[in-house]
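Peer 1: Here's a structure for you.
Protein chains: 2
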Amino acid sequence: MSSTKYIYDFSEGSADMRLLLGGKGANLAQMWKIGLPVPPGFIITTEACHQYWKENDFIAGIWSDVEAAIGRVEKLTGKNFGSSENPLLVSVRSGAPVSMPGMMDTILNLGLNDDTVKALAKSSGNERFAYDSYRRFIQMFSDVVLGVDLDKFEKRLEQARDAAGVKEDYKIPAEELKKLVEDYKQIVADAGHTFPTDPWKQLRLAIDAVFRSWNTPRAITYRKINNIPEDYGTAVNVVTMVFGNLGDDCGTGVCFTRSPSTGENKLFGEYLINAQGEDVVAGIRTPMPIASLGETMPEVYKQFCDIAKLLENHYRDAQDIEFTVEKGKLYILQTRNGKRTAAAAVRIAMDMLHEGLIDAETAVSRVAPEQVEQLLHPQLDPKAKRNVLVKGLPASPGAAVGKVVFDADEAAERGGKGEKIILVRPETTPDDIHGLFAAQGVLTSHGGMTSHAAVVARGLGKPCVSGAETVKIDLAAETFTVGDVTVKKDEYLTLDGSNGDVIVGKMELIDPQFDDNFRELLDDADKIAKLQVWANADTPEDARRARAFGAKGIGLCRTEHMFMDADRLPVMQEMVVASTKEERIVQLDKLQVMQESDFYGIFEAMEGLPVTIRLLDPPLHEFLPKIPELTKALETLDPNSAEAQKIQATIARARELHEQNPMLGFRGCRLGMIYPEIYEMQVRAIFDAACKLTKKGVKVIPDIMIPLVGTKFEMKAMRDLVDEVAKQKLAEHGVELEYMVGTMIELPRAAMVADQLAEYAQFFSCGTNDLTQTTFGYSRDDAEGKFLGQYVEMGVFEQNPFAQLDRDGVGGLMTIAAEKGRKTRPGIQIGICGEHGGNPSSIAFCNSLNFNYVSCSPFRVPVARLSAALAAMGVIK
Amino acid sequence: MSSTKYIYDFSEGSADMRLLLGGKGANLAQMWKIGLPVPPGFIITTEACHQYWKENDFIAGIWSDVEAAIGRVEKLTGKNFGSSENPLLVSVRSGAPVSMPGMMDTILNLGLNDDTVKALAKSSGNERFAYDSYRRFIQMFSDVVLGVDLDKFEKRLEQARDAAGVKEDYKIPAEELKKLVEDYKQIVADAGHTFPTDPWKQLRLAIDAVFRSWNTPRAITYRKINNIPEDYGTAVNVVTMVFGNLGDDCGTGVCFTRSPSTGENKLFGEYLINAQGEDVVAGIRTPMPIASLGETMPEVYKQFCDIAKLLENHYRDAQDIEFTVEKGKLYILQTRNGKRTAAAAVRIAMDMLHEGLIDAETAVSRVAPEQVEQLLHPQLDPKAKRNVLVKGLPASPGAAVGKVVFDADEAAERGGKGEKIILVRPETTPDDIHGLFAAQGVLTSHGGMTSHAAVVARGLGKPCVSGAETVKIDLAAETFTVGDVTVKKDEYLTLDGSNGDVIVGKMELIDPQFDDNFRELLDDADKIAKLQVWANADTPEDARRARAFGAKGIGLCRTEHMFMDADRLPVMQEMVVASTKEERIVQLDKLQVMQESDFYGIFEAMEGLPVTIRLLDPPLHEFLPKIPELTKALETLDPNSAEAQKIQATIARARELHEQNPMLGFRGCRLGMIYPEIYEMQVRAIFDAACKLTKKGVKVIPDIMIPLVGTKFEMKAMRDLVDEVAKQKLAEHGVELEYMVGTMIELPRAAMVADQLAEYAQFFSCGTNDLTQTTFGYSRDDAEGKFLGQYVEMGVFEQNPFAQLDRDGVGGLMTIAAEKGRKTRPGIQIGICGEHGGNPSSIAFCNSLNFNYVSCSPFRVPVARLSAALAAMGVIK
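Here it is in structure tokens:
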């Protein structure tokens with residue numbers, strides 16, 4: 003006998019012993035404890051599982067304990083294990099501290115052999131039942147424990163049905179089943195095994211199989227993906243068998259205490275009379291709704307309703323309950339917190355809060371951030387059949403239906419008129435934005451989760467499936483093919499951006515659900531959170547949307563998109579091509595008027611809340627047409643014409659501005675340093691807009707953000723520039739206005755010298771997109787298609803670092819930046835405005851660094867608000 | 003009277019009071035102290051200078067102290083300041099703790115006015131001398147103190163010469179000089195000043211002028227460039243005038259105690275009889291060599307020789323001495339450590355070491371690393387006249403002479419045959435390397451100090467002038483023009499890469515000097531240094547050169563250049579284009595044989611020393627021809643021909659491999675992760691070569707370096723890969739061999755997770771070229787031409803961070819890497835192999851981090867060895 007206690011009877015455990023007894027075992031013990039009708043049984047602990055993997059023949063060492071435990075069950079049931087009189091049959095089930103589909107599930111009817119089956123036939127008075135149980139047991143045990151191919155059993159079963167001239171298994175007569183059992187044993191023998199007749203040997207092999215199942219490749223992979231610790235281990239549950247298939251006073255069923263689909267507070271379940279658990283799942287007979295149990299077995303139903311309420315009150319969460327009725331007696335076989343849709347999760351949480359069953363913190367913690375996404379985008383009806391053509395990357399969640407179009411201009415035009423369009427491109431570029439904007443969704447054959455299409459789509463809240471590499475697009479023919487299926491322009495296509503499904507045809511969409519419950523939940527989340535949630539928004543429309551979703555400020559307003567409009571781009575191009583400062587200023591003066599109106603609208607939408615405006619960031623050549631295009635345009639022109647001369651000048655400037663590595667080039671505040679007149683124009687526009695609104699009584703809080711700062715010198719120069727212009731403008735308008743000047747932390751050097759930057763920077767905003775690129779030395783555009791996908795597959799990192807913040811590297815630099823910045827300027831406002839600002843794990847990290855806010859795309863604001871609360875509570879870390 | 007002591011008589015100071023008294027004053031006081039004949043005087047301290055800038059009218063506050071000090075000088079000299087009997091005249095000179103040409107230098111003869119000049123005439127018995135001194139004083143004082151335009155005085159002086167009918171100033175008779183003095187005073191009056199007649203007022207204004215000169219723009223700029231602290235301040239030296247121009251028993255001269263040009267140990271100086279100091283400098287009369295003083299004034303000469311020896315022994319360094327003889331009496335007016343050429347510096351240091359005057363550490367500290375560069379490259383004769391056409395950037399030191407060639411192929415061909423060629427290009431690319439290699443030097447009109455041409459030239463030890471922007475190159479015509487000068491192909495051109503001079507014509511070159519003294523000095527340096535110096539070398543020839551220069555290992559052997567040879571590139575290209583692993587392996591097997599021979603040669607050359615081989619680093623597309631070239635080649639081919647098909651495949655692959663930002667792309671160990679067969683081939687080649695040599699009794703120490711590692715996963719995978727192949731190969735050859743596997747630290751993330759990397763990495767080598775690019779977010783190729791030059795000019799950083807290591811950012815990450823690496827693996831070998839490895843300041847930084855070695859290009863090894871010693875002594879920090 004071992005000195006450590008490896009075996010617990012149900013009477014010895016409770017729900018809080020989940021780590022030691024596994025989830026299933028702890029709940030069984032808990033139910034036993036509160037007096038519910040649970041069949042007697044015991045649990046071999048997760049510690050035993052560890053020991054099993056350490057010691058040779060560990061099970062031999064605890065065998066006497068197992069025997070003793072079986073003995074106690076025999077006493078409670080009055081049955082005897084292996085006895086040919088009144089045999090005790092048991093189920094053996096695995097059960098880890100968290101639910102883990104990778105492991106062995108269940109063996110039922112263990113203890114049957116040629117002797118005990120006869121006793122069972124006698125005691126039940128039902129020979130067919132006994133032999134059916136026996137053949138099921140042989141089949142299950144041989145499959146799960148011995149690894150014999152299931153197909154062989156299924157084929158033999160088919161023959162048995164044919165021989166009996168029946169279509170359903172449960173109609174096979176006892177005599178036929180007896181033959182079947184013999185043949186089953188032969189199948190096992192042919193596979194090189196002897197089917198164990200000794201129930202004790204059966205039990206020992208089953209326990210061994212459960213422990214073994216902890217380390218199958220499938221289980222290991224599942225744990226890795228779901229971050230389940232390797233050292234949890236699984237427990238083994240050994241439970242007395244009860245039978246729902248002994249007659250019409252028997253039955254079995256499953257029941258949720260509230261609707262798992264809507265959250266409605268009423269029992270939601272189904273059952274079968276005279277059946278075993280697996281029959282409910284198999285779907286051969288149609289189960290009946292749980293409410294009808296009130297008519298068929300009113301006593302049992304009443305008892306069950308009481309138990310359901312009891313369990314819900316006990317666990318303070320909606321329960322998923324398995325039960326069996328054996329000869330009029332109700333047994334509860336399992337209870338657990340029920341899985342539910344996002345909508346149900348929100349409703350159950352808020353109902354229970356209103357019922358006083360749980361507090362606000364608990365309610366908030368009942369909804370997962372990933373679920374919230376479901377609530378914000380149209381979805382496909384989960385019950386509808388999907389005809390999936392190909393699977394790409396789930397790049398931007400939600401579902402979209404529309405006609406296939408291959409050209410961004412066409413998508414823009416037709417989409418603008420209200421047609422539902424799906425834009426299909428090999429990949430997208432900034433030139434395609436108008437098409438993306440007007441489309442329902444986008445499909446690309448190249449590019450990853452953070453490709454241009456993916457990023458823009460997420461920003462716009464449009465569904466996107468990217469990197470569907472087997473999709474071969476023929477732009478000229480306006481078709482695409484996958485294998486031998488060809489889809490033409492104007493055919494209907496359905497995309498599910500939440501899982502990457504591409505479906506030919508038009509499926510039904512379900513509306514997103516953002517109801518009062520959800521609003522209230524997020525308001526509660528805000529009260530719990532330490533971090534504020536701001537949004538990245540470049541237009542008044544974005545700003546309004548962000549505010550409607552609950553954003554408490556704009557953390558990133560990019561100014562470059564403002565120059566991309568059809569009426570502005572030519573002016574911008576003239577500015578870029580200008581060869582003198584004077585010429586540049588002429589164009590900048592024109593742009594200033596346009597910029598002012600942009601800022602005016604955004605400030606107005608965000609009245610009373612801070613708006614962080616980033617000055618011009620991208621390299622200037624991004625605003626020029628591509629050189630091949632220009633060269634082509636030149637071909638048809640008289641070389642001496644003014645137009646040709648102008649194009650020549652543009653080509654020359656484009657060549658001059660060309661860069662090997664634009665990501666690391668002449669951009670960000672480097673522009674402001676070399677061409678201060680550009681930034682001066684922008685700051686003038688900001689303060690003109692802000693002052694005019696202030697005079698109208700609108701409270702404006704402009705924060706000016708300098709991009710790509712790497713040195714103290716740059717920070718000081720840019721701060722001086724802004725302060726100088728601001729001073730002039732405030733005097734000119736006779737207005738007083740609070741504003742701040744700060745910097746992005748998006749270069750490793752900025753983090754390293756954050757103490758120096760904070761001498762002049764009044765706030766920091768971590769630009770983790772660029773910071774991830776420079777810290778890893780990855781060009782996002784290049785890496786995705788070249789090696790990043792394979793890196794994620796290989797396990798180089800757990801998550802794509804562009805999706806989930808890399809804590810060791812990028813996070814380490816953010817930690818340094820925060821520490822150094824606060825050293826110089828205690829309490830300096832620090833936020834994050836990279837795409838990570840909408841990622842729950844990354845938000846938890848920002849929470850741990852005591853940041854002031856996270857800023858994300860408007861559509862992710864609800865996810866972020868919930869995540870911030872969960873992070874503050876330590877639910878996500 | 004002030005409570006702080008602001009004035010020191012010479013008798014109160016000493017050489018170690020340099021910070022308080024300035025260099026000049028401290029040395030005058032020291033000479034006084036050891037009894038040398040110094041004219042009496044006093045020093046107003048540098049602290050007074052600070053106070054001057056803080057207080058209003060500070061000089062008034064110390065004026066009684068100045069009067070008292072003058073009184074003490076009067077007592078010592080028996081003369082009286084401002085007296086018309088026996089007037090005391092003084093010189094007033096600035097003197098900071100370090101020599102600073104930006105400040106006011108000297109006012110002589112202060113104290114003269116219409117009365118005292120008569121007394122001087124009488125006491126000297128020389129009226130011409132007296133009035134000549136007076137007019138010089140007015141001119142000097144008016145220029146330096148009052149800011150009157152010198153030209154006006156020079157024109158009036160010319161008239162005086164004409165009036166007297168003489169050509170030289172010293173022949174103008176006294177009467178004419180008297181008129182001149184009156185007119186000079188008028189010039190001052192016309193400029194709005196009254197020339198002060200009161201000697202006390204003269205003195206006060208002169209002191210004020212010295213203090214003022216500390217903050218002239220020129221002085222501030224000089225301090226900034228030379229890193230002289232702003233808070234040093236200047237002292238004021240007030241010294242009794244002595245006269246070398248009172249007759250033939252008078253004279254004046256300057257003398258070095260050893261040759262400043264060769265270092266030879268004998269007096270090296272010149273003097274003039276009957277002259278003042280400025281006459282020696284003016285060059286109107288030809289001075290006589292110092293030795294001849296032995297004949298003209300034997301007593302004085304003997305005394306001077308003794309003093310020279312005394313001063314040299316006292317200061318233990320070669321001295322630069324100013325002296326004057328007044329009526330047979332020798333006065334020493336100044337002594338300081340003499341400036342010298344690199345060759346002289348080495349010889350003086352080693353001679354003094356051998357003479358027992360100084361120890362080895364002092365000898366080593368007497369040579370500056372920048373000087374050493376002079377010794378390693380051919381130079382232009384410093385005495386020869388230069389006809390400078392244009393000045394570019396001094397991109398790679400040394401001088402080169404040759405015929406202009408505009409094409410790299412032609413340069414390679416003609417240079418290969420022994421012709422002296424100067425390659426002239428707008429800029430160079432990797433395709434031009436063979437031309438650079440065969441040329442004497444290279445001139446580019448674009449690109450900065452770290453442009454491709456500059457980096458490669460420094461690596462090759464070739465002179466290079468880059469970024470000569472006014473050079474307009476016409477490649478078609480094979481000419482270049484600067485303004486209206488046109489230089490054709492085959493004309494001679496001379497480049498001075500040490501200062502950027504481009505000279506039309508053929509100048510004489512002087513051989514580099516690497517003699518026994520220098521060798522001994524560097525050996526002494528090695529004994530002092532804590533850091534070893536290794537070299538970056540890719541070929542056996544490089545390795546031999548590095549070893550000859552004293553390298554103790556190869557810190558970086560790049561393997562990519564090995565694939566660029568004409569016979570290898572096609573194989574490499576086939577490998578890159580291969581679409582399956584099998585096809586790749588066919589080509590890799592061919593490359594392996596070639597690689598093996600490369601490594602064999604390098605290992606042989608470095609017998610007994612470590613050779614660090616970096617596995618393939620650049621993106622694969624670098625090995626493919628450019629797409630436009632391929633497209634062009636296609637035009638003339640039958641599209642169905644095998645050749646056309648092959649080119650099509652190459653184009654497809656090139657497109658596939660194309661990257662937006664190749665610097666941050668699919669390169670480094672990312673290649674090894676995705677195509678492990680490439681790295682496996684390289685490791686097989688390394689171990690085949692190493693094992694074969696080991697069997698021959700040659701000691702080989704191969705260290706394998708993995709580039710661009712950013713994650714622990716990569717490091718482990720690559721370490722496993724190397725160990726696996728090594729194990730196979732060692733077994734196959736039956737050889738035992740020590741080797742290490744390590745990583746570059748060239749990504750910010752590598753530094754942040756160095757503790758994780760060190761679990762598998764056995765050494766670190768900081769690749770500071772790439773680390774600087776990623777830390778700052780600068781693409782070196784792009785930044786130089788776009789904004790980096792302007793950033794350096796603006797003062798964004800003190801030095802271009804690609805030339806001198808950025809300590810705050812890049813250095814901060816290196817510090818983190820070293821700390822974290824050592825935490826996991828105490829004593830882990832750490833070095834640097836970026837270009838900074840040859841930069842003295844950067845070497846000092848590596849020394850401070852207790853690195854094991856720095857690795858630089860072979861030609862910089864001597865500079866680095868000296869720098870390492872100086873860093874160990876704290877001479878450079």
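Listed in order, the protein sequences are those of chains A and B.
Okay, so the first sequence: first residue is 3 according to our numbering, each after it adds one.
Okay, so the second sequence: first residue is 3 according to our numbering, each after it adds one.
In this text, a Cβ means the ideal position worked out from N, Cα and C, and glycines have one as well.
Just so you know, these numbers come straight off a predicted model, no measurement behind them.
1) Between A/A753, A/S447 and A/K532, which has its C-alpha nearest A/T483's C-alpha?
2) Can you pull out the residues from the region 633-663 of chain B whose beta carbon lies closer than 7 angstroms to at least one beta carbon of chain A?
3) Give the range of the beta strand (DSSP E) segment to which B/G255 is assigned.
4) On the criterion of 16 or more Cβ atoms from any shown chain inside 10 Å, does B/S5 qualify as buried, or is it exposed?
5) Can you pull the chain A neighbours of B/V798, defined as C-beta to C-beta under 8 angstroms?
6) Residues in the region 69-84 of chain B with C-beta within 9 angstroms of chain A's C-beta atoms, listed in sequence order?
7) How would you call A/D116, buried or exposed, if buried means at least 16 neighbouring beta carbons within 10 angstroms?
8) Rounded to the nearest angstrom, what separates B/C768 and B/G404 at their Cα positions?
9) Pull up the distance between the alpha-carbon of A/D319 and that of A/D526, whole angstroms please.
10) A/E412: which of A/A402, A/V426, A/A401 and A/P300 sits nearest, CA to CA?
11) What does the alpha-carbon distance come out to for the pair A/A370 and A/G449?
12) How should A/E156 be labelled, buried or exposed, when 16 other C-beta atoms within 10 angstroms of its C-beta is the threshold for buried?
13) Using the C-alpha atoms, what's the distance from A/V473 back to A/L497?
14) At a Cβ threshold of 8 angstroms, is B/Q831 touching chain A?
15) Is there a C-beta anywhere in chain B that falls below 8 angstroms from the one on A/P103?
16) Within 8 angstroms of any Cβ in chain E, is that where the Cβ of A/D434 sits?
17) Which residues in chain B sit within 7 angstroms of A/Q806, going by Cβ to Cβ distance?
18) So, does the region 239-253 of chain B touch the region 89-107 of chain B, judging by three or more C-beta pairs under 8 angstroms?
19) Out of curiosity, what's the CA-to-CA distance linking A/N247 and A/T254?
20) Compute the distance between the beta-carbons of B/R138 and B/L110, then report whether it is under 8 angstroms.
21) With 8 angstroms set as the bound, which would you pick, yes or no: does the beta-carbon of B/P750 sit closer than that to a beta-carbon of chain A?
22) Could you name the residues of chain A that B/T776 contacts, counting a contact when the two beta carbons are closer than 7 angstroms?
23) As a quick exercise: from A/A98, A/G674, A/P709 and A/P428, pick the residue whose alpha carbon is nearest that of A/E49.
24) Here's the rule I'm using: 16 or more other beta-carbon atoms within 10 Å means buried, otherwise exposed. How should A/K304 be labelled?
25) Helix or strand or just coil, what does DSSP make of B/G296?
26) Give the straight-line distance between the Cα atoms of B/I818 and B/E606, rounded to the nearest whole angstrom.
Peer 2: This is what the structure gives:
1) For this step, residue 483 of chain A is matched to residue 481 along the first sequence. Checking every option, the nearest Cα to that of A/T483 belongs to A/S447.
2) E661, Q662 and N663
3) Counting from one through the second sequence, the residue named residue 255 of chain B turns up at place 253. Taken as a continuous stretch (DSSP letters only), the beta strand (DSSP E) holding B/G255 covers G253 to F258.
4) Taking the first residue of the second sequence as position 1, residue 5 of chain B is located at position 3. So B/S5 counts as exposed.
5) Translated into positions along the second sequence, residue 798 of chain B becomes position 796. Here the neighbours are M675, T713, F715 and E716.
6) none
7) In the first sequence, the residue the question calls residue 116 of chain A occupies position 114. With fewer than 16 Cβ atoms within 10 Å of its Cβ, A/D116 is classed as exposed.
8) In the second sequence, the residue the question calls residue 768 of chain B occupies position 766. In the second sequence, the residue the question calls residue 404 of chain B occupies position 402. Near 38 angstroms, if we compare the C-alpha coordinates of B/G404 and B/C768.
9) In the first sequence, the residue the question calls residue 319 of chain A occupies position 317. In the first sequence, the residue the question calls residue 526 of chain A occupies position 524. One C-alpha to the other measures close to 18 angstroms.
10) Locating residue 412 of chain A in the first sequence gives position 410, counting from the first residue. Of the listed residues, the one whose Cα sits closest to A/E412 is A/V426.
11) By 1-based counting over the first sequence, the position of residue 370 of chain A is 368. By 1-based counting over the first sequence, the position of residue 449 of chain A is 447. Between A/A370 and A/G449, the C-alpha separation is close to 28 angstroms.
12) For the purposes of this step, residue 156 of chain A is taken as the residue at position 154 of the first sequence. Under this definition A/E156 is an exposed residue.
13) The residue you call residue 497 of chain A lines up with position 495 of the first sequence. The residue you call residue 473 of chain A lines up with position 471 of the first sequence. CA-to-CA, the gap between A/L497 and A/V473 works out to about 14 angstroms.
14) Here residue 831 of chain B refers to the residue found at position 829 when the second sequence is read from its first residue. Output row for B/Q831: interface = no.
15) As a position in the first sequence, residue 103 of chain A is number 101, starting the count at 1. It does not; no Cβ of chain B falls within 8 angstroms.
16) Absent from the structure is chain E; the protein chains it does hold are A and B.
17) In the first sequence, counting from the first residue as 1, residue 806 of chain A sits at position 804. Chain-order list of chain B residues neighbouring A/Q806: empty, with the shortest C-beta distance near 14 angstroms, by a criterion of under 7 angstroms.
18) Contact check between the region 239-253 of chain B and the region 89-107 of chain B: three or more CB pairs, one atom from each, fall below 8 angstroms, which counts as touching.
19) Walking along the first sequence from the start, residue 247 of chain A turns up at place 245. Walking along the first sequence from the start, residue 254 of chain A turns up at place 252. Whole-angstrom Cα-Cα distance: 8 angstroms.
20) In the second sequence, counting from the first residue as 1, residue 138 of chain B sits at position 136. In the second sequence, counting from the first residue as 1, residue 110 of chain B sits at position 108. Taking 8 angstroms as the Cβ cut-off, B/R138 and B/L110 qualify as a contacting pair.
21) Position 748 of the second sequence, counted from the start, is the residue given in the question as residue 750 of chain B. Yes, its Cβ sits closer than 8 angstroms to a Cβ of chain A.
22) Within the second sequence, residue 776 of chain B is the residue found at index 774, counting from 1. Neighbours of B/T776 on chain A, chain order: P750, T776 and G779.
23) The residue labelled residue 49 of chain A in the question sits at position 47 within the first sequence. Among A/A98, A/G674, A/P709 and A/P428, the Cα nearest to that of A/E49 is on A/A98.
24) On the first sequence, residue 304 of chain A is found 302 positions in, with the first residue counted as 1. Exposed is the call here.
25) As a working note, residue 296 of chain B is residue 294 in the second sequence. B/G296 falls in the helix class under three-state DSSP.
26) Along the second sequence, read from residue 1 onward, the residue named residue 818 of chain B stands at position 816. Along the second sequence, read from residue 1 onward, the residue named residue 606 of chain B stands at position 604. If I take the Cα positions, the gap works out to 36 angstroms.
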